Amino acid sequence: HVLRRCPAFAVRVSSCLTVNSYTMVMRAAVSTFTFTQSSCVGAKRLSFSQSSLLKSRIIRPSTSTTVRHLRTNAITLNKAVEAGTQKPKQKQQQKGGGKKDENKLTPQGEDFSKWYLDVIRDAELADYGPVRGTMVIKPYGYAIWEGIQSWLDKRFKETDHQNCYFPMLIPYSFIAKEAEHVEGFAPELALVTKGGGKDLEEPLVVRPTSETVVNHMFSQWVQSYRDLPLLINQWANVCRWEMRTKPFVRTLEFLWQEGHTAHATAEEAQEETMKMIDVYREFAEEVAAMPVVVGRKSKLESFAGAVATYTIEAMMKDCKALQAGTSHNLGQNFAKAFGTQFSDESQTLQYVHQTSWGVSTRMVGGIIMTHGDDSGLRLPPALAPYQVVVVPVGVKKEVPAEVNAAIDGIVATCKAAGIRVKVDDSLQRTPGFKFNYWEMKGVPVRIEIGPRDVANDCCVIGRRDVPGKEGKAMGQPLEAAALTANLQGILAEIQAKYLEEARAFRDSNIVDVTSYEELKAAIADNKWARGGWAGSDADEEKVKEETMATIRCFPLDQPAGPHTCLMTGAPADEVCIFAKSY
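In terms of my numbering, the sequence shown opens at residue 26 and continues consecutively.
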């Protein structure tokens, strides 16, 4: 009635809509829908309760199985129904009478960015926070981060680093002590100017990185060469006021680890810098199955205040580069700014040489965009929270005792072999729904088992890397030793396959160029461009302005020379890689 009578109206929505996936009962807390129209008697405000809105189909229950946070303050409907003359158009019903699935995964080839956000939503990795540019990491997404933490933390301790924690609030004067550092981070700083209801004497910076406060403490802890090397790491959150944000890849607040070390000599600091970038390479390739190019950053792309920055660069499926981890040789820059000195063996005061290095939750985004497909997430087995999911099939009201016993045996076998396993025995969802659900979440292996399988002492094993029936192996034995060998073999195959697929994709999208025109053509064709470089900072800026591509790195693994600078034609000592990036 209202739709027919009111030609213009504003709708304000300020809450979350939640749907229970088992009963499909929607609970919504929706603010008042206000309709203003001169023909309404006295311009009255018409309010509708949640139940009446649902009954009138002004609001329809969503088919989404996730919590959707509606961050829009106001939705303005541009096409209003003409008052009293035109009936609202009915939505065209789809074939088969089914409702359109508004949350269907967008194909990568149609819109890669939308696909990425769809996967994060449907795989239940993260949600948007109430503050622009922030995110809430959901349990499954955090489990992936915990896997990253676990592997790296073990390697840090194996290389004699110790964990500690530094304050989140840093005096602004600390940031200002290192000129390049403050210049590089000034646009991204979040400042606290009030505390306890009063103006602060000095603004406090919400930690964007910790080199300054670490050096303040190092200057008090280091007195003698006997105090060196000092090797520490912290797991923390940091805040950088980014203008363009993307979940996991670039957010106002993110989680990371940052290592900080102090050494007596420049050689020791350089050795530490290279050791830690190799730890990151090892993790990326052997655990995340993400092939990377290890290299040195250009001066313009280096960390603010560093002598040299080394990086691991990964190619995503849209061919953009992702800086997945960095290791910085800080030289004596911060040590001189903070007076971090030590007495050497001859009792002479020397400044320490330092490094810093870090990996963040950006790595999760890299894994999504390296391996995911049009069915959702694909997780490398070494990092997957669950490597195997067990789904009972061929059962209706309850799972028979013999099937439960077989499932218990599978779980015991997996745990004994160190395989992370999950049982989905909920009867509120069909086996087909469960298959799609766990496929979306990227679990590498699925085991299907029902009464017939138990009778034959076997099961069905499905692989995430091989879609459809081709990925199913029937009649696989349940005997513990055979099942263990089978699963371990499949998981190892999937791990290796994901790495090789990603490496083949990357290598096929890197082209060698010898001129600026070839570079522009390669970037326009969505490729990485590799060529000799001896250009100036101004030349590098020109490439960035005209192509949106930057020098990702000078690879440590350099092809045989001689090389010619693609920009100037002069002899070049090294080749570099240009690419668009996140």
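For glycine and all other residues, C-beta sits at the position ideal for the given N, C-alpha and C.
As the structure is a prediction and not an experimental result, all values here were calculated from the model.
Residue j and residue i - do their beta-carbons sit closer together than 7 Å?
i	j	result
Phe279	Ser385	yes
Leu150	Gly134	no
Gly401	Ala148	yes
Gly556	Val600	yes
Ala289	Tyr250	yes
Trp553	Ala604	yes
Ile337	Val317	yes
Asp185	Leu256	yes
Asp450	Val414	no
Val420	Val436	no
Pro233	Glu213	yes
Gly496	Arg488	yes
Val304	Arg387	no
Arg577	Ala309	no
Cys344	Asn511	no
Arg403	Gly364	no
Ala314	Leu177	no
Leu452	Val538	no
Thr298	Ser235	no
Could you give the DSSP three-state label for residue i: helix, strand or coil?
i	result
His186	coil
Asp178	helix
Lys421	coil
Leu516	helix
Thr365	coil
Arg93	Residue placement at Arg93 is poorly supported in this model, since its pLDDT is 36, which falls under 50; the coordinates are not used for a value here.
Asp537	strand
Thr593	coil
Met388	helix
Phe328	coil
Asp582	coil
Val238	helix
Asp136	coil
Val436	helix
Ile169	helix
Arg157	coil
Phe603	strand
Lys163	coil
Glu226	strand
Pro608	Residue 608 lies beyond the stretch modelled for the chain, which goes from 26 to 607, so this question has no answer here.
Ile444	coil
Lys552	coil
Tyr376	strand
Using the Cα positions of residue i and residue j, report the straight-line distance between them to the nearest angstrom.
i	j	result
Met394	Glu518	20 Å
Ala585	Ala597	12 Å
Cys65	Arg157	Only weak support exists for where Cys65 lies, its pLDDT of 35 falling under 50; the coordinates are left without a value.
Val418	Gly154	38 Å
Asn534	Ile515	29 Å
Gly330	Lys361	12 Å
Cys521	Lys300	The sequence as given places Ala at residue 521; Cys does not occur at that position. Ala521 and Lys300: Cα-Cα distance of roughly 24 Å.
Thr276	Gln348	15 Å
Arg471	Ala441	18 Å
Ala99	Gly443	Its pLDDT being 32, under 50, Ala99 is placed unreliably by the model, and the measurement read from it follows with that caveat. Distance between the alpha carbons of Ala99 and Gly443: 51 Å.
Leu508	Gly383	39 Å
Asn240	Phe359	7 Å
Thr575	Tyr411	38 Å
Val231	Thr237	12 Å
Gln375	Asp369	7 Å
Thr380	Val416	49 Å
Arg306	Ser138	26 Å
Glu526	Gly397	12 Å
Tyr607	Val144	18 Å
In terms of alpha-carbon separation, which member of the options lies closest to residue i?
i	options	result
Pro228	Val217, Thr234, Val424	Val217
Leu142	Asn511, Pro476, Gly390	Gly390
Gly320	Thr184, Met573, Arg489, Leu581	Leu581
Ala333	His378, Lys567, Gly364, Gln245	His378
Lys322	Met341, Glu296, Ala314, Gly350	Gly350
Thr159	Thr270, Pro492, Ser606, Lys219	Thr270
Leu225	Met499, Met242, Leu194	Leu194
Arg454	Tyr335, Glu423, Ala547	Glu423
Glu504	Lys459, Ala563, Gly434	Gly434
Ala595	Met573, Thr572, Ser540	Ser540
Glu183	Ser371, Asn429, Asn258	Asn258
Ile602	Asp152, Met340, Asp482, Val491	Met340
Step through the CB atoms of chain C and report whether any lies within less than 7 Å of the CB of residue i.
i	result
Gly457	Checking the listed chains, one finds no chain C in this structure; it contains a single protein chain.
Comparing the CB of residue i with every heavy atom of the ligand NAP, is any distance shorter than 6 Å?
i	result
Gly556	Among the components modelled here there is no ligand, and therefore nothing to report on the ligand NAP.
Quick one: which unbroken beta strand (DSSP E) runs of 3-plus residues sit fully inside the region 331-356? Chain order, please.
333-340, 346-356
Restricting to runs no shorter than 4 residues, where is the alpha helix (DSSP H) found entirely within the region 461-510?
476-480
Those runs of the beta strand (DSSP E) which lie wholly inside the region 242-330 and span at least 3 residues:
255-264, 278-288, 317-321
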